[in-house]
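Q:
Residue numbers (our numbering), protein chains in the order written: chain S, 79 to 639; chain H, 396 to 734.
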């Protein structure tokens, strides 16, 4: 029997999907509606007919073979209503022990308040049971939480159920009717908002807002964030939406941790002179006023320096990665003050970055909280920093002059190699996206770099190798680039497909084997005996391998091998 | 999610038990007096807990909801047990119509209660109009009952049948005997001229509220022909039991008091059922929303004596929630909808 559930869009562990449900297409995440729905599903747990339905417990062994069903029910879910730790463990286990194209139904737990977090954690289906239970307990539910009704309560809700009714004045039975209609409505409305946020890639922002309304939900998000690999394995490599880092939890977003890890573990080791600069509100940084002033003053000296930007919450952004998500696209509340958590995180990233590379000198053109971060990192490393800002203003003529003088002096002293700065972008993106040594593999001899910022491209004179392309500013390989990569690094970022010529989209069913490291929107190389192709992954590599339905890769170019 | 109101402990102390076999360790008394129904009359009764080495089944295997073995004394000697009774009688006198002897095991098991102690205790109470002793059915044999009758002809044999459904008794309770064992024991007891009391359990684990309600109702109807007295026990969460482990994981909730009321109402026409909601209104005991619990507990106790469903007058807004739970709990696939 074909799969009755298909994931159509992903945002981390959350996804949009379509479930064939009683003859209709149900867009998930969604809530079952009626008692008939629940009875229908219940009957399917005993006799699978239209749908393959499995009930699982929170004890499933994630190492055992994945459970394969259209709908998976997490049995006894309401017991986690007050247990964020148990809920975290149960949801992660549920998704890790079932097929990625199974819909996860969490019965009798969803409310307008918590449903965004449930979906964020990987839930596809909920029901109105808790909305009804709460109505009978006299609670009015909303996305912001629950409110008990007493004689003095008023509903300010404008939904059909509440409008024109003073709920508190009603006799108990009518009150329950109104509250239950309202609560169901609130759940459906919140699910609409959740779906829209998945579509825009902003569910995390919604969840960070919602979790503020209840300690249980804040605890849940923090505990979910401890499941880093679960979320990282599902998080896209790029987004178009701006990452809003408005809360303490933002520091622990999977993409922020991943960016930090990759800067240390994947990028080519650099040496010579490191110039640390503060971040700017405008992204990419080099398009901001402050960076333009500084960079213009440095002018040709830049070719001898390695620039890195210090920023909260991302940590350290080497200049070449300033066009890569999330560095290219985030916003934070700017107050000139950093919290301890922020400082500590950035100090850690800076320390690790300096440790991982082989710089001779570190020049810090920073002030305020940035300076403190630099000093603490330098102290931790036992390194002497060269500060070029003495008056607290990075743009003062004094500071700029000192920066140029210091740079000139250092360059004269050590005479480092001159570099094509545009090549930095290509190299850093290649390593960031394809892993250590990818840039060496792809751009073996120093290639010709052309193009306008940021869409540089590299060629060996005649054939193009790679281009910084698309709205995401990621490095896209040409077939030539892919061949070069394959020659040096086998299998990584490769998707092996059945014996067919891919056109347009490769579906998961046609994938034989895929690098589990592949993330949604990663650039991948598609291969079989006869053809080589390049394209963009639409789901994670491990998911391509385990799924039966869904688009796996959008192919751009195909050639015979 | 759960509110402070719902998670608040409802009553600071367990409600003291009056007349039931069920008790909690919070209640350390070894004897107490109360009133009970005897042939339609309300009479004074004395309940005595005898500490023995404990139920053999609990020592070997055990039932999912029973934690009484924790109160047993592995070294209990025959003389100790006799002494316990005589001390209680010395303190409370014998001006009762009913004496209940609870060993938290099988009174008729010679391993648990040596023969000399059994004879001495029963002989001492030979003039009591009714002496209730508890036993698993495997000890209700003609031989043993012949012995019993020689010492005392007013014995009522109380058997913890829990449910007439063998499937539930096996899988949810792990009781280790079948309905037909109970029926056989009942016939033997009656042919020895003794009366039979059946304990039924409302809401063993792994049942929804509705399943529990229907099981108890059906069990009462099934047991009526074989028992002179039916006692409906509302499951409570005892220390060290499987039920407690499930309860702590949020996978078990004691029955609603409304369910007990419903069972009593449904069977009122056909059977005489007594019920003492031990721990009623506490988190570990049968409970409702917290507002109406005291009132409903009192009404259930009153009904046990009056057998008149006019005793049930309480109403509360949480009945709507209870009705919803009956209808929808099965769709949670294994957990109660409300604590």
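Ideal Cβ positions, reconstructed from N, Cα and C, are used throughout, including at glycine.
Can residue 289 of chain S and residue 187 of chain S be called in contact, C-beta distance under 8 Å?
A: No, the Cβ-Cβ distance between residue 289 of chain S and residue 187 of chain S is not below 8 Å.
Q: With distances taken Cα to Cα, identify the nearest neighbour of residue 147 of chain S among S/133, S/160, S/158.
A: Among S/133, S/160, S/158, the Cα nearest to that of residue 147 of chain S belongs to S/133.
Q: Can you tell me which of H/538, H/495, H/478, H/539 puts its alpha carbon nearest to the alpha carbon of residue 736 of chain H?
A: Because residue 736 of chain H is not part of the residues shown, which for chain H are 396 to 734, the question remains open.
Q: So residue 387 of chain S is in the beta strand (DSSP E); what residue range does that whole segment cover?
A: Where residue 387 of chain S is concerned, the enclosing beta strand (DSSP E) stretches over 383-389.
Q: Under the three-state reduction of DSSP, which class applies to residue 645 of chain H: helix, strand or coil?
A: Coil.
Q: Let me make sure I understand the geometry here. Which of S/461, S/336, S/258 has the alpha-carbon closest to that of residue 214 of chain S?
A: When each option's Cα is compared against that of residue 214 of chain S, the closest is S/258.
Q: Taking the straight line between their C-alpha atoms, what separation do you get for residue 534 of chain H and residue 695 of chain H?
A: Their backbone Cα atoms lie some 32 Å apart in a straight line.
Q: List, in chain order, every chain S residue whose beta-carbon is nearer than 8 Å to that of residue 715 of chain H.
A: Those within 8 Å of residue 715 of chain H in chain S are 214, 250, 251, 254.
Q: Rounded to the nearest angstrom, how far is the Cβ of residue 410 of chain S from that of residue 319 of chain S, given a contact under 8 Å?
A: 15 Å between Cβ atoms; not a contact.
Q: If the criterion is Cβ atoms closer than 8 Å, does the pair residue 306 of chain S and residue 335 of chain S meet it?
A: Yes, these two residues count as a Cβ contact at 8 Å.
Q: Counting only the same chain and skipping the five closest in sequence on each side, list residues whose C-beta sits under 6 Å from that of residue 516 of chain H.
A: Closer than 6 Å at Cβ, skipping near neighbours: 480.
Q: Spell out the partners DSSP gives residue 417 of chain S in its beta bridges.
A: Per DSSP, none; premise fails for residue 417 of chain S.
Q: Does the beta-carbon of residue 458 of chain H have 16 or more other beta-carbons within 10 angstroms, so that it is buried, or is it exposed?
A: Looking at its Cβ environment, which holds 16 or more other Cβ atoms inside 10 Å, residue 458 of chain H is buried.
Q: Judging by CA-CA distance, which residue of S/286, S/351, S/362, S/527 is the nearest neighbour of residue 329 of chain S?
A: The option with the nearest alpha carbon to residue 329 of chain S is S/286.
Q: Among S/166, S/592, S/176, whose alpha-carbon lies nearest the alpha-carbon of residue 294 of chain S?
A: The candidate whose alpha carbon is nearest that of residue 294 of chain S is S/166.
Q: Compute the Euclidean distance between the alpha carbons of residue 424 of chain H and residue 484 of chain H, then round it to the nearest angstrom.
A: Answer to the nearest angstrom: the Cα atoms are 14 Å apart.
Q: What are the boundary residues of the alpha helix (DSSP H) that residue 705 of chain H is part of?
A: Per DSSP, residue 705 of chain H belongs to no alpha helix (DSSP H) and is neither H nor E.
Q: May I have a chain-ordered list of the beta strand (DSSP E) segments no shorter than 3 residues that lie completely inside the region 568-641 of chain H?
A: Counting whole runs of 3 or more residues, the region 568-641 of chain H contains the beta strand (DSSP E) stretches 590-597, 624-629.
Q: Quick check on DSSP: helix, strand or coil for residue 451 of chain H?
A: Helix, per DSSP.
Q: According to DSSP, simplified to helix, strand and coil, what is residue 522 of chain H?
A: Three-state result, residue 522 of chain H: coil.
Q: Do the region 522-540 of chain S and the region 430-438 of chain S make contact, defined as three or more Cβ pairs closer than 8 Å?
A: No, the region 522-540 of chain S does not touch the region 430-438 of chain S.
Q: In whole angstroms, what separates the C-alpha of residue 84 of chain S from that of residue 97 of chain S?
A: Cα-Cα distance, rounded: 7 Å.
Q: Chain H partners of residue 157 of chain S, CB-CB under 7 Å?
A: Chain H residues near residue 157 of chain S: 644, 645, 646, 730.
Q: Using a cut-off of 7 Å between C-beta atoms, extract the partners of residue 185 of chain S located in chain H.
A: Neighbours of residue 185 of chain S on chain H, chain order: 726, 727, 728.
Q: Rounded to whole angstroms, what's the CA-CA distance from residue 308 of chain S to residue 712 of chain H? Just pull it up for me.
A: Each residue's Cα considered, the two are about 44 Å apart.
Q: Assuming contact is defined by CB atoms lying nearer than 8 Å, are residue 643 of chain S and residue 189 of chain S in contact in what I supplied?
A: The requested residue 643 of chain S does not occur in the structure, where chain S is confined to residues 79 to 639.
Q: Within the 8 Å Cβ cut-off, does residue 420 of chain H reach chain S?
A: Here residue 420 of chain H scores only 39 on pLDDT, less than 50, and its place in the model is too uncertain to base an answer on.
Q: State the Cα-Cα distance for the pair residue 642 of chain S and residue 171 of chain S, rounded to the nearest angstrom.
A: Coverage of chain S is limited to positions 79 through 639, which leaves residue 642 of chain S absent and any answer about it impossible.
Q: Roughly how many angstroms separate the alpha carbons of residue 636 of chain H and residue 168 of chain S, rounded to a whole number?
A: Between residue 636 of chain H and residue 168 of chain S, the C-alpha separation is close to 24 Å.
Q: Since residue 475 of chain H sits in a beta bridge, which residues does DSSP pair it with?
A: Answer is none; residue 475 of chain H lacks a bridge partner.
Q: Where DSSP assigns a beta bridge to residue 526 of chain S, which residues make up the other side?
A: Residue 526 of chain S pairs with S/537.
Q: Ignore the nearest five residues each way along the sequence and tell me which others in residue 103 of chain S's own chain have a CB closer than 7 Å to its CB.
A: Result list for residue 103 of chain S: 96, in chain order.
Q: Quick one: which chain S residues come within Cβ less than 8 Å of residue 691 of chain H?
A: The premise fails here: residue 691 of chain H is roughly 17 Å from chain S at the closest Cβ pair, so nothing lies under 8 Å.
Q: Just the chain H side, please: which residues come within less than 9 Å of residue 120 of chain S by C-beta, in chain order?
A: Correct list: 725, 726, 728.
Q: Taking beta-carbon pairs under 7 Å, can you tell me which members of the region 113-146 of chain S lie near chain H?
A: Listed by position along the chain: 116, 120, 133.
Q: Given that a residue counts as buried once 16 or more other Cβ atoms are within 10 Å of its Cβ, and exposed if not, what is residue 486 of chain H?
A: With fewer than 16 other Cβ atoms within 10 Å, it is exposed.
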